[in-house]
Amino acid sequence: MAETRQLSEIGQDILFAARNELYMNLPYLDAALCALRFCPGDEVTQSLATDGETLWYCGAYLADRYLRSRTLSNRAYLHLVLHCILRHLAKKRGKVPELWDLACDAAVESILDGLGCPCLKETISPKKQTFYHECLHNMPVLTAEGIYHRLLRLRLPEYELAQLQTCFFADDHGLWSPEERENREQNERQDERWQSIAEKAQTGMETMLAGQAEGGEAVQEQIRAAVRDDVDYRAFLRRFAAPREIMAVDGDAFDYVFYTYGLQLYGNLPLVEPPETREDRRIEDFVLAVDTSMSTSGALVRQFLACTYAILRSTETFTRKVNIRILQCDDQLRSDIAIHDLGELRRYMEDFTLAGGSATDFRPVFEHVARLQKEGAFTSLRGLVYFTDGMGIYPEKRPPYETAFVLLEEPPLSVKMPPWAIRLVLTEEGLSRAVQAEMEDDPEEMPWL
56 MAETRQLSEI GQDILFAARN ELYMNLPYLD AALCALRFCP GDEVTQSLAT DGETLWYCGA
116 YLADRYLRSR TLSNRAYLHL VLHCILRHLA KKRGKVPELW DLACDAAVES ILDGLGCPCL
176 KETISPKKQT FYHECLHNMP VLTAEGIYHR LLRLRLPEYE LAQLQTCFFA DDHGLWSPEE
236 RENREQNERQ DERWQSIAEK AQTGMETMLA GQAEGGEAVQ EQIRAAVRDD VDYRAFLRRF
296 AAPREIMAVD GDAFDYVFYT YGLQLYGNLP LVEPPETRED RRIEDFVLAV DTSMSTSGAL
356 VRQFLACTYA ILRSTETFTR KVNIRILQCD DQLRSDIAIH DLGELRRYME DFTLAGGSAT
416 DFRPVFEHVA RLQKEGAFTS LRGLVYFTDG MGIYPEKRPP YETAFVLLEE PPLSVKMPPW
476 AIRLVLTEEG LSRAVQAEME DDPEEMPWL
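Structure (structure tokens):
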């Protein structure tokens with residue numbers, strides 16, 4: 056009993072020392088580093104664990120890491136805190152547990168390996184380096200969500216998963232499970248608290264790291280992705296609709312008092328008639344551009360176009376006759392298809408094929424649209440939506456219409472998008488939800504999915 060108490064005290068001292076050293080090196084994480092209370096918990100975990108409120112620790116585990124190297128205890132503490140900052144606990148619901156746990160550990164360890172702090176310096180194992188390198192082929196930032204989807208696609212055998220889990224292990228995720236987090240209201244409050252902490256950390260990092268070439272970019276990129284709000288692509292697309300007068304009763308501009316008074320006074324003669332037209336917002340002239348470089352997946356492009364098609368075909372948005380151009384481009388324009396009605400759009404979706412596979416250059420699309428405008432191909436072009444990973448050569452001048460770049464992942468901080476560009480970051484999950492919502496109304500409308 057006395058030995059256990061002594062180890063608990065030693066473990067607490069190690070955590071205090073780690074927190075102080077991390078604070079001195081990473082002051083922008085001050086609120087996060089102090090957000091968890093310490094509690095000895097040999098009966099809860101044999102390493103470190105958290106439920107988002109308390110850091111449970113095993114004194115023997117911390118003492119062993121500290122004796123091997125002080126940086127190991129620093130890394131273990133920051134590893135667990137980063138899980139909370141990046142809201143990995145709240146996002147576990149609905150995921151395959153062992154894959155999500157591994158993805159979160161790998162994402163956090165990539166941050167620790169990317170930070171230039173001496174207090175976190177450790178030799179990166181070849182297995183880690185190989186895993187990072189393979190992941191970076193498919194994603195610009197190593198986020199838990201991106202790694203998780205990659206692991207789902209790979210379907211690794213159990214022994215390979217076990218090797219990776221051992222390689223990235225630093226804490227116990229047993230308290231993350233949904234059954235351990237049944238109080239939904241409390242969980243939501245806790246998630247909001249950590250989002251607020253993450254936003255403060257992001258603000259502090261943007262201030263302290265401005266103009267610096269290295270140190271902190273990895274955690275800054277992931278925090279920026281973690282605090283991003285979910286967006287509704289359907290609502291976003293409707294901003295490109297133009298006001299038009301249509302044949303429909305305008306209930307807002309019609310006074311029912313005079314209408315009913317006339318009926319009461321004269322029997323069947325209303326004093327006013329309802330207006331036969333009203334103003335509505337409809338999409339007519341519009342450009343959809345698709346990045347077909349090697350970094351873009353054909354399945355994701357198809358899903359994006361399917362979602363866009365489903366939104367455009369809604370009666371509140373789409374006019375009977377439209378002028379939509381669908382462009383495919385990598386480092387040069389590969390395809391230009393003109394769409395004039397829903398039937399043409401549907402046929403295009405059924406026969407859609409991706410053309411390209413080279414590097415990314417956005418300029419050919421804007422040059423082509425400028426030529427089309429000069430030739431009179433558009434009456435009133437409201438905007439252009441470009442589906443891409445965000446990494447390419449941008450035009451220097453702002454076009455005379457709104458331009459939005461739709462991204463599935465935050466591009467690295469090194470990618471500087473022009474200030475005039477609207478940037479919309481969707482997740483694969485969010486895009487899938489948007490498609491599913493539209494398919495529920497009429498699933499036979501999109502048989503290609």
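Residue numbers (this note's numbering): 56 to 504. Glycine included, each C-beta is placed from N, C-alpha and C at the ideal position.
Query	Result
Under the three-state DSSP convention, the category ASP505 falls into	Examination of residue 505 is not possible in this model, given that the chain is present from 56 through 504 alone.
Cβ neighbours of GLN218 in the same chain (closer than 8 Å, five flanking residues each side left out)	LYS182
Nearest neighbour of SER63, chosen from LEU88, LEU77, LEU117, GLY201 [CA to CA]	LEU117
Distance between SER124 and GLU235 (C-alpha atoms, nearest Å)	Because the pLDDT at GLU235 is just 49, under 50, the model does not fix this residue reliably, and the point stays unresolved.
Short Cβ contact (7 Å threshold) for LEU137 with SER165	no
Cβ-based burial, GLU189 [other Cβ within 10 Å; buried from 16]	exposed
Sequence-distant residues of the same chain with beta carbon closer than 6 Å to PHE93, five excluded per side	GLN67, LEU70, LEU110
ALA268 in three-state terms, based on DSSP	Residue confidence is low: ALA268 scores 39 on pLDDT, short of 50, so the model does not pin down where it sits. Its coordinate-derived value is still stated next. Looking at ALA268 - three-state DSSP - the assignment turns out to be coil, as it is neither helix nor strand.
Neighbour flag for VAL136 against chain D, beta carbons, 7 Å	Going by chain labels, chain D is absent from the structure shown, which holds only one protein chain.
Alpha-carbon to alpha-carbon, ILE379 and GLU430	15 Å
Length of the line joining the Cα atoms of ALA87 and ALA256	8 Å
Own chain, CB closer than 8 Å to LEU427, minus 5 neighbours either side, in chain order	ARG380, PHE433
Same chain, Cβ closer than 7 Å to GLU269, five either side skipped, listed in chain order	Note that GLU269 scores a pLDDT of 48, beneath 50, so its modelled location is shaky; the value from the coordinates is reported in the next line. Within the same chain, GLU269 has close Cβ partners GLY171.
Extent of the continuous beta strand (DSSP E) run through ILE140	Taken as a continuous stretch (DSSP letters only), ILE140 belongs to no beta strand (DSSP E), being part of the alpha helix (DSSP H) at 125-140.
Integer-rounded CB distance, given that LEU206 should sit under 8 Å from ALA145	Their Cβ separation, rounded to whole angstroms, is 20 Å, which puts ALA145 and LEU206 out of contact at 8 Å.
Stretch pair the region 222-231 + the region 93-109: three plus CB contacts closer than 8 Å	yes
Pairwise C-alpha distance: LEU382 and GLY411	11 Å
Per-residue burial, ASP406 [other beta carbons within 10 Å of its own, 16 or more giving buried]	exposed
Delimiting residues of the alpha helix (DSSP H) encompassing THR185	181-191
Neighbourhood of GLY438 by C-beta, 6 Å cutoff - its chain only, sequence neighbours within 5 removed	PHE295, TYR456, GLU457
Nearest-angstrom Cα separation, counted from PHE359 out to ASN75	47 Å
The alpha helix (DSSP H) enclosing ILE448, as first and last residue numbers	Segment: none, ILE448 is in no alpha helix (DSSP H) and carries neither H nor E.
Unbroken beta strand (DSSP E) run spanning ALA459, endpoints	457-462
Neighbourhood of PRO473 by C-beta, 6 Å cutoff - its chain only, sequence neighbours within 5 removed	TYR449
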